[in-house]
Amino acid sequence: MPAPGFRSDGPEREATHADNVAKVDALQAVPRPVVAAATDYPAGQATRWHSHPRGQLVYAISGVMAVTTDGGVWVVPPERAVWVPGGMPHRVDFPTDVKMRSLWVAPEAAQALPRVCGVVTVSPLLRELIRAAVDLPAEYDTDGPAGRLMAVILDQLRVLDQAALHLPWPEDARLTRIAEALIDDPASHAGLDDWARTAGASARTLARLFVKETGMTFGAWRQQARLLKALELLAAGQSVTATALDLGYDSPSAFIAMFKKVLGVSPGKYFV
C-alpha cells in the first residue's frame, strides 16, 4: 500500500541506502544468468523508487515487505516472494525487520518468466535453493555444482504458483483519496454513500469507477486492503484477536472466516 517515501534519518541510513544501491548495481553486470544476494533491513526502512535490467525475485525468510509499482501494491509475508520484471520501476517498504534474499535473473534467462509483478508461493525446495544460492560467489562456475543449482532455480521459477496478495491502486483522484483514507483507517465502515458526500460523485459513479480502475468492487477492495494489513500485523507478532479488532471486524471468528476464504487456511496455519 502506498507508503511514506524513503526516510533518511541521518548519515547512517543514507549510507546504508547508498551501499545497497552500489551492491545492486554491481550485481546487474555479473556475467551469470542468475545471481543471489542477502540483505537485512530494519523496520521502518524503505528503498527509493528504482528499476534494474535484471528481473528480481524478492523473498523474505523473515518479516514482511510491501513492493509498490505503478500498478498497485504486493505484500510479501514470510515464505512468499514477489517477482519484479526487469525494467519495472518499484520501491520496497519494510514495516518489520526483514531478512531479504533476492534472486536476480538476466534478461535472456527471464524470457519464460512473467512480464508482470506477482506474489508467489515459495516451495520448501526453492526456499532451500535460495538459502544455498546466497552463499555462492557471484561469478560461480556455470559448469560446476553451483551452475547446476542455479539451473534448477530457473526451472523452479517457471512453475511458481501465484498468491492473491495484490492491492491494485486506482488513478482517479476521488478514488485515490478514498483508498488512502482506508489504508490509514482500515477499521472504517464508511460506505460509498458516505464517501459520495465529499467526493463530488454519486455512490453509483464511485462504484463503477472502482471496478473499472481496480477490477474489484469497493467492498472487495476494502477487504483486500484489510487482509494485507492483517498479514503485516500478524507477521509482527500481533494476536489474531487484536488484529481482527484493529481492522474493524466484530469478532475474531468473522476475521478468521474471511482470512480462510481468501487464503485457504486460518491465520494460525498460514504462518506455520
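Residue numbers (my numbering): 4 to 275.
Built from N, CA and C at the ideal position, the CB exists for glycine as well.
Asked                                                                                                           : Found
Distance between residue 34 and residue 219 (C-alpha atoms, nearest Å)                                          : 42 angstroms
Residue 133 versus residue 51: straight-line alpha-carbon distance, rounded                                     : 25 angstroms
N-terminal and C-terminal residue of the alpha helix (DSSP H) that residue 224 is part of                       : 221-238
Environment of residue 71 [buried if 16+ CB atoms lie within 10 Å]                                              : buried
Element boundaries [alpha helix (DSSP H), containing residue 247]                                               : 243-249
Contact test: residue 93 Cβ vs the ligand NAP heavy atom, cutoff 7 angstroms                                    : This structure does not include the ligand NAP; it has no bound ligands of any sort.
Helix, strand or coil at residue 213 according to DSSP, with G and I counted as helix                           : helix
Identity of the residues DSSP links to residue 258 by a beta bridge                                             : BP columns for residue 258 are empty, so no partner.
Environment of residue 58 [buried if 16+ CB atoms lie within 10 Å]                                              : buried
Nearest residue (CA-CA) to residue 221, options 200, 231 and 195                                                : 195
First and last residue of the uninterrupted beta strand (DSSP E) at residue 273                                 : Residue 273 -> not in any beta strand (DSSP E); alpha helix (DSSP H) instead, spanning 270-273.
Option nearest residue 118 by Cα separation, candidates 91, 227, 200 and 202                                    : 91
Nearest neighbour of residue 49, chosen from 68, 223, 187 and 164 [CA to CA]                                    : 68
Residues bridged to residue 104 [DSSP beta-bridge criterion]                                                    : 41 and 62
Buried versus exposed, by CB contacts within 10 Å (16 or more), residue 26                                      : exposed
Status (buried if at least 16 other CB within 10 Å, exposed otherwise) for residue 301                          : The question about residue 301 has no answer here: the residues shown for the chain are numbered 4 through 275.
Sequence-distant residues of its chain with Cβ nearer than 7 angstroms to residue 189 (five each side left out) : 228, 229, 232, 250 and 251
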